[in-house]
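What follows is a single structure, written as structure tokens, with notes after it.
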Amino acid sequence: MKKALFISLLSVLLVLPAHSQSRTARGQFYTGTGGRGIVIAVPSPLTSGIDQADNWMPQLFQDLITSDLARYSAMTVIDRHNEDLVLAEQQRSTSPNYSEEDFISMTKMTNAKFIVAGNIRGQSGRYMVTFRINNIETNEIQAAFTKQYAVEDIESGLAAKEAVVELLEGMGIELTAAGRQSLLTIQPVEVQSTVQLAKGIEAEKNNNEIEALGYYYQAININSGMKEATQRIQSFGQGSPGASIREHAEWATSQKTRWEKIFNDLATYVDQNLLIAVYDFSTITDQFDARTNKVTLTVTPGVKIIPDSKVLTVWKTVVDEWHRIRNLEENKSWARSLSNRNGNFGGASGIRSYIGYNGHTYLSTVELYDAEGIRIARSSGSTNFNLHMQYRNDTQILPQNRYFNNTPFKEIKLSNINISAITNNLSVKVVNIGRFSSGGSVIILPGRIMSVAEWEDWLKAQGNTR
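Numbering follows this note's numbering, with no gaps: position 92 of the sequence shown is 215.
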């Protein structure tokens, strides 16, 4: 039921091509017929020994190879949305001893004559990537590729592109010079949005809908044309109970469990990802006190603390959907009984207050170090940053850059520094972000700390100014 609730796109999204170039445009990439008339399937590659955090890799390879085979040849490429290929993938996922040979046999249910069979094997922090094209009818190997890569070269799309070059050559498809150059040119927007989509689908498979939403929003921030990510976001929370009494009861039980997990995961997601501190310590001025023989340094522009716009968007998406479904008649039996570590969510104010970030004064702890790396001063510069997360249906989440531009830097003062401690080379660092508890103590919070240059790079990676 879970898969049907979150996303059921497999019957909606059809077959290729992933790119809609004309035959004339595509024909500029290869000589001859380009393999016209060949039908080839691209399943997800098998894996062994890969880190759990890298389980998104198979789909990334599958999607990138599918896309480039379609773009740089005239072959008909069957992608992961083909219903017959989906059935083969599902059977493989439920069979622990499934081999490449079994999968090749299963793929015969498609109308493909060829299959791209792949394997990704972890080896001492790197990955051995192997792909081959088999003739499904004869099991003859038509093309093969093997090379070892670092994670970065897989995530950049380089590994998939180099594999496609070899696979096309093995199939007798000769690229033109322009075609080869185009194929090996990394398209960051396309690749990185595909990476985020793959990570989101993997998170969804692992039953973390909140993390999946974050990746899907990241995908469309990078590439607004990423339709599958948009459709998966829109399908969040969808589903309905069956007609029988038993189905209603099972629905209520599963939904209660599901939404309790969603809110727990949401609280963790916001806790871990909401805050960003950006600093600019380009100017340091000093003031000497002759009476005490001490120095006060003023660091400007200073520090600002802002929210991650994507995290707020995920939060609002979840709460929007919660308000919608809890008022449906079929959900009233369970929607008011939700509870989790942050309290009861059934009441009118539960959703608004459970995150608990309303009106806090955030602190950035800044430290001064001498030339030998010894700390000689510390300052907790506070920013009156009131993040009101009370829910309203017209709450507007701003583009990421707006939060940056609307929040001023807070200058940092480092006081009472002994003049003897001052060296020629001083360094200033933001060491953490915190807030005051109700009892007055400082609670250290998770948060990302960036220089202005790092912020600009990060912002660009999020999708320009989004």
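For each residue, glycine too, the CB sits at the ideal point set by N, CA and C.
As the structure is a prediction and not an experimental result, all values here were calculated from the model.
Straight-line Cα distance separating residue j from residue i
i: E275; j: S561; result: 44 Å
i: I474; j: V401; result: Only weak support is given to the placement of I474: the predicted model assigns it a pLDDT of 41, under 50, and the value that follows is read from those uncertain coordinates. Their Cα atoms are separated by approximately 30 Å.
i: N548; j: Q357; result: 54 Å
i: A321; j: I345; result: 14 Å
i: K583; j: Y526; result: 15 Å
i: Q341; j: W374; result: 31 Å
i: I407; j: P569; result: 27 Å
i: R464; j: K379; result: With a pLDDT of 46 at R464, under the threshold of 50, the predicted position of this residue should be treated as unreliable, and no value is reported.
i: A494; j: I542; result: 14 Å
i: Y502; j: R571; result: In the sequence on display, residue 502 carries Ser and not Tyr. If I take the Cα positions, the gap works out to 19 Å.
i: E579; j: Q585; result: 10 Å
i: A413; j: R498; result: 23 Å
i: K236; j: Q265; result: 11 Å
i: F411; j: S574; result: 28 Å
i: L491; j: V553; result: 9 Å
i: S472; j: N528; result: Note on S472: pLDDT 36, under 50, position unreliable in the model; the coordinate value appears next. Rounded to whole angstroms, S472 to N528 spans 31 Å at the Cα level.
i: W581; j: N329; result: 27 Å
i: M180; j: T170; result: 9 Å
i: E351; j: V565; result: 43 Å
Under 7 Å between C-beta atoms of residue i and residue j
i: I638; j: G557; result: The structure shown does not extend to residue 638, since the chain spans only 124 to 589, so no value can be given for it.
i: V441; j: L398; result: no
i: G425; j: I540; result: no
i: G158; j: M198; result: yes
i: K284; j: L307; result: yes
i: S432; j: Q315; result: no
i: T600; j: N555; result: Since the first and last residues shown for the chain are 124 and 589, residue 600 lies out of range.
i: R447; j: A458; result: no
i: T269; j: T253; result: yes
i: I296; j: S196; result: yes
i: A164; j: I238; result: yes
i: I188; j: V312; result: no
i: Y338; j: G323; result: yes
i: L461; j: E383; result: yes
i: K427; j: F532; result: yes
i: I429; j: T530; result: yes
i: I368; j: T353; result: no
Residue from the options whose Cα sits closest to the Cα of residue i
i: R303; options: P311, E292, V312, E313; result: E292
i: A576; options: S564, D403, N529; result: D403
i: T419; options: S538, S305, H204; result: S538
i: V422; options: A267, S405, R355; result: S405
i: V434; options: P166, P181, Q185, L336; result: L336
i: Q310; options: L281, D174, I324; result: L281
i: F152; options: V565, A301, Q354; result: A301
i: P168; options: R203, T156, I161; result: R203
i: R381; options: N528, I333, D409, K417; result: I333
i: A176; options: G496, T156, A326, F184; result: A326
i: Q246; options: H483, Q271, W581; result: Q271
i: G563; options: G362, T484, V393, L521; result: T484
i: E260; options: V162, T353, T154; result: V162
i: I520; options: V393, V565, T376, T436; result: T436
i: T154; options: N262, N205, M294, I173; result: M294
i: N454; options: R515, P364, L486, N331; result: P364
i: P652; options: D186, R194, T156; result: Because residue 652 is not part of the residues shown, which for the chain are 124 to 589, the question remains open.
i: R160; options: N178, T415, I201; result: Inspection of the sequence shows that residue 160 is occupied by Gly rather than by Arg. Out of N178, T415, I201, I201 has the C-alpha closest to the C-alpha of G160.
Rounded Cβ spacing between residue i and residue j (contact assumed at less than 8 Å)
i: E278; j: V318; result: 6 Å
i: R244; j: A273; result: Not really, about 14 Å apart at Cβ, beyond 8 Å.
i: K452; j: G360; result: The amino acid at residue 452 is misidentified as Lys; the sequence shows Glu. So it is not a contact: roughly 16 Å between Cβ atoms.
i: T518; j: K439; result: 6 Å
- Task: Please go through the segment 313-378 and give each complete beta strand (DSSP E) segment of 3 or more residues, from N-terminal end onward.
- Result: none
- Query: At what residue ranges does the segment 237-312 contain a whole run of the alpha helix (DSSP H), taking only runs of 4 or more?
  - Reply: 274-278, 281-293, 300-307
- Contiguous beta strand (DSSP E) assignments of at least 3 residues, all confined to the segment 382-470: 398-412, 417-430
- Query: Enumerated in chain order, which unbroken segments of the alpha helix (DSSP H) with a length of 4 residues or greater are wholly contained in the segment 491-576?
  - Reply: 523-529
- Query: Which whole runs of the beta strand (DSSP E) in the segment 153-188 are 3 residues long or more, in chain order?
  - Reply: 162-164, 169-171
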